[in-house]
Amino acid sequence: MKNIFALLLCVVAITATAQKTTFDIATFTVAAGWTPEIKDFAASYIKTNNVTKSWCRVTIYKSIQSSGNPLTDFNNEWKTLIVKNNWGPATTPQSETETEDGWTSHSAVSTFTFENKEAYSLLSTISGYGVEVSIVVLMNSNEYMSQIEQLLGSIHLKKPDQPIVTTQQTQPVTQSNSHSGFAITTAPGNHGIFTSTTNFDDGWVAQPFADYVRVTKNQFTVLLHYGVEITDELRASNQMEAVIFDRFILPRYNVSNIRKFEQGVCYFCVHFFEADAVEKATGKRYHLGFRIITNNGVSKCIEILSPSQVAFQQEFPNHEKVESMLNYNKFAVTVNDLAGDWDSSSGAYAQMYSTTTGAYAGMNTSSSADAFTFNTNGTYSSNHKGAFGMVGSMKFYDQKYNGALTISPWELVMTKRFDGKTSTFWAQYEAVRGGRILHLTDKEYSGSQYHLVRKN
Numbered sequence: 009m010k011n012i013f014a015l016l017l018c019v020v021a022i023t024a025t026a027q028k029t030t031f032d033i034a035t036f037t038v039a040a041g042w043t044p045e046i047k048d049f050a051a052s053y054i055k056t057n058n059v060t061k062s063w064c065r066v067t068i069y070k071s072i073q074s075s076g077n078p079l080t081d082f083n084n085e086w087k088t089l090i091v092k093n094n095w096g097p098a099t100t101p102q103s104e105t106e107t108e109d110g111w112t113s114h115s116a117v118s119t120f121t122f123e124n125k126e127a128y129s130l131l132s133t134i135s136g137y138g139v140e141v142s143i144v145v146l147m148n149s150n151e152y153m154s155q156i157e158q159l160l161g162s163i164h165l166k167k168p169d170q171p172i173v174t175t176q177q178t179q180p181v182t183q184s185n186s187h188s189g190f191a192i193t194t195a196p197g198n199h200g201i202f203t204s205t206t207n208f209d210d211g212w213v214a215q216p217f218a219d220y221v222r223v224t225k226n227q228f229t230v231l232l233h234y235g236v237e238i239t240d241e242l243r244a245s246n247q248m249e250a251v252i253f254d255r256f257i258l259p260r261y262n263v264s265n266i267r268k269f270e271q272g273v274c275y276f277c278v279h280f281f282e283a284d285a286v287e288k289a290t291g292k293r294y295h296l297g298f299r300i301i302t303n304n305g306v307s308k309c310i311e312i313l314s315p316s317q318v319a320f321q322q323e324f325p326n327h328e329k330v331e332s333m334l335n336y337n338k339f340a341v342t343v344n345d346l347a348g349d350w351d352s353s354s355g356a357y358a359q360m361y362s363t364t365t366g367a368y369a370g371m372n373t374s375s376s377a378d379a380f381t382f383n384t385n386g387t388y389s390s391n392h393k394g395a396f397g398m399v400g401s402m403k404f405y406d407q408k409y410n411g412a413l414t415i416s417p418w419e420l421v422m423t424k425r426f427d428g429k430t431s432t433f434w435a436q437y438e439a440v441r442g443g444r445i446l447h448l449t450d451k452e453y454s455g456s457q458y459h460l461v462r463k464n
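Here it is as C-alpha cells:
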C-alpha cells in the first residue's frame, strides 16, 4: 500500500504535454482502452479487468471559483468529493504541495472499503488564476498505475484570459441547467395583505415582495426567500446546498472569498455560506451570509447583507440568531384581507406490525379537513371533518360552527365554538409566493392550530 501511495503522490505534478483530449480548461492524454463518461460537470475515464476483478476511475471535474487559498480549496473539496461519497475519512489528511507557473496543487491519498475490499482514493486540487480544478482517482489495484501516471502527468490547464472571481460555481453541480438562476426580482408582492409592513419591537421592519420578504434594521438587510422545492435534479447533484447558493446568488452578485461553514459528520447539519459580494445592479459592496434550511422537501433560504463581517458577527453571533429571522415573515390580519373562504387538509398513516411475531397488524390512519368562511358583517362559519383509527374500524367526525367574529390585528375571537364556548386565536399571515397563509393558534389550547389558504 505504501508503494501505491508513493506512486500516486508523485504523478500529480502540473506539466504540459501535447493536447489529446480537452474538457473545460484541462487538456490531457488518455491511453487506449479507457471508457469515457462525460457529463457537464466532470469527465471520467474507467477501466476494469474482468479476470482480476480490478478497476480504476479517474475523474476530472469542471473548474470552479477558487476561494483564493489553495489549501482551503483542497480542504473544501476533500469534504465535498471524498468524505460525502465515503471515499475517505472525515479528517482531512496532510497534503503534498507543488507550485508551478502560477498553479498550486494539493494532493493526498486515502483508503476506503468497497464491496468488503480495500480500495484507494486520491484527491488532487489545482488552484490558480482565480479558478480551481479537482481530480479524483479511485482504484482497487496498482494494475493501472502506469496509465494513471501518463494521464495525470499529461494534464495542462489553460490560464483564463483574466482571473475568474465572480461567476464560477462554488461546487460541481448537476449536468442540466447548472448555470440557471432562480428568478429573484424587486417586484412588489401580490399577496393580498392589507397591512404589508410590520414594525417589530426590536427594530426590524418586514415587507413582502414577489420573491421574498425583506427585513431591514439600520445597516442590515435580510431577504427571506420563499421556499424552493427540492427536485430530483437538485438531489442528483449531491451538492444541493452549493447549487442553491449558486442559483440564488451568482445572477445578482459578483462574489469572492466564499466560505462554507464546516462541521464534519452531522445529522441536523447547518448549511451556511459567507462571501464578499458586490451587487451587480448597484455596485454596492456587502458581506453576504446565506443560510439554507430544508424541511419536508422544501428549502427556505435566508440572505443577509451586512456592511462588514465584523458587523455581521455582532448582529448574528450564532446560527440560531440567523435561523430566527424566519420568524419575521409575519403580518397582521384585517377585515379587508380576511373576508372570504379559507381551508386546509392533512393526513397521516402508519403501518403496524406485531413486536412479538413481526406479523402485519394493519394500518392506522387519520385525515382532517378544515374550512372557514369569514364575513365582513362580523360573523363566521366553519366546518371540521375527518376520520381516524385502524382501517376497517375508523371513526368519523363532522363538526359545524356558526357565530360572531371579532378581528384585531393579531387576534381573532370566535363565539359558539366547541361546547358553545368562545375561542380566542393568535392570528397572523405568512407571505408565500403568490399568496399568503393564515395561521391561527388557540390561545388556551396551543395544540389547536389551523394553517389555512384562501380559496377565492
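Quick note on numbering: this note's numbering labels position 134 of the sequence shown as 142, and the sequence is numbered without any gaps.
Note that beta-carbon positions come from the ideal geometry of N, C-alpha and C, so glycine has one too.
- The region 265-341 is shown to contain whole alpha helix (DSSP H) runs of 4 or more residues at 317-323, 327-331, in chain order.
- The beta carbon of Gln457 lies closer than 8 Å to those of His447, Leu448, Thr449, Asp450 in the same chain, with the five residues before and after it left out.
- One Cα belongs to Phe269, the other to Val144, and the distance between them is close to 23 Å.
- Tyr137 places its beta carbon 8 Å or farther from that of Gly96.
- Beta bridge pairing from DSSP links His199 with no other residue.
- Excluding the 5 residues flanking it on each side, Tyr361 has same chain C-beta neighbours closer than 8 Å at Ala367, Tyr368, Ala369, in chain order.
- Taking Thr224 as the centre and dropping the five residues before and after it, the same chain places the C-beta of Val213 closer than 6 Å to its C-beta, in chain order.
- The region 93-138 is shown to contain whole beta strand (DSSP E) runs of 3 or more residues at 104-108, 111-122, 125-136, in chain order.
- Nearest C-alpha to Ser375 among Val399, Cys309, Lys424, Leu346: Val399.
- With a threshold of 16 other beta carbon atoms within 10 Å, Pro44 falls short and is exposed.
- For Arg255, the enclosing alpha helix (DSSP H) starts and ends at 248-257.
- For Met422, the pairing in a beta bridge is given by DSSP as Leu413, Ser431.
- When Met422, Phe208, Gly291 are compared, the shortest CA-CA separation from Thr430 is found for Met422.
- In the DSSP annotation of this structure, the continuous segment of the beta strand (DSSP E) that includes Arg444 starts and ends at 443-450.
- Here Gln227 is not near Val221, since their CB atoms are 8 Å or more apart.
- One Cα belongs to Thr29, the other to Lys92, and the distance between them is close to 29 Å.
- In the DSSP assignment, Glu241 falls within the unbroken alpha helix (DSSP H) covering 240-244.
- Around the beta carbon of Phe324, 16 or more other beta carbons lie within 10 angstroms, which makes this residue buried.
- Of the candidates Met371, Val278, Val139, Val278 places its Cα closest to the Cα of Asn326.
- In terms of Cβ geometry, Ile46 and Ser71 do not form a close pair [threshold 8 Å].
- Just so you know, the alpha carbons of Val236 and Thr229 end up roughly 21 Å apart.
- Here Tyr128 is buried: its Cβ has 16 or more other Cβ atoms, across all protein chains shown, within 10 Å.
- Scanning Tyr261, Arg299, Asn265 for the CA closest to the CA of Glu287 turns up Tyr261.
- Residue environment for Tyr336: buried (at least 16 other C-beta atoms within 10 angstroms of its C-beta).
- The DSSP-derived three-state label of Met153 is helix.
- Lys55 is classed as buried because its beta carbon has at least 16 other beta carbons within 10 Å across all chains shown.
- The secondary-structure analysis by DSSP pairs Phe404 across a beta bridge with Ala395.
- Minimum Cα-Cα distance from Arg267 among the listed residues Glu282, Ile257, Leu131 corresponds to Glu282.
- Straight-line spacing of the CA atoms in Ala356 and Gly442 works out to 27 Å.
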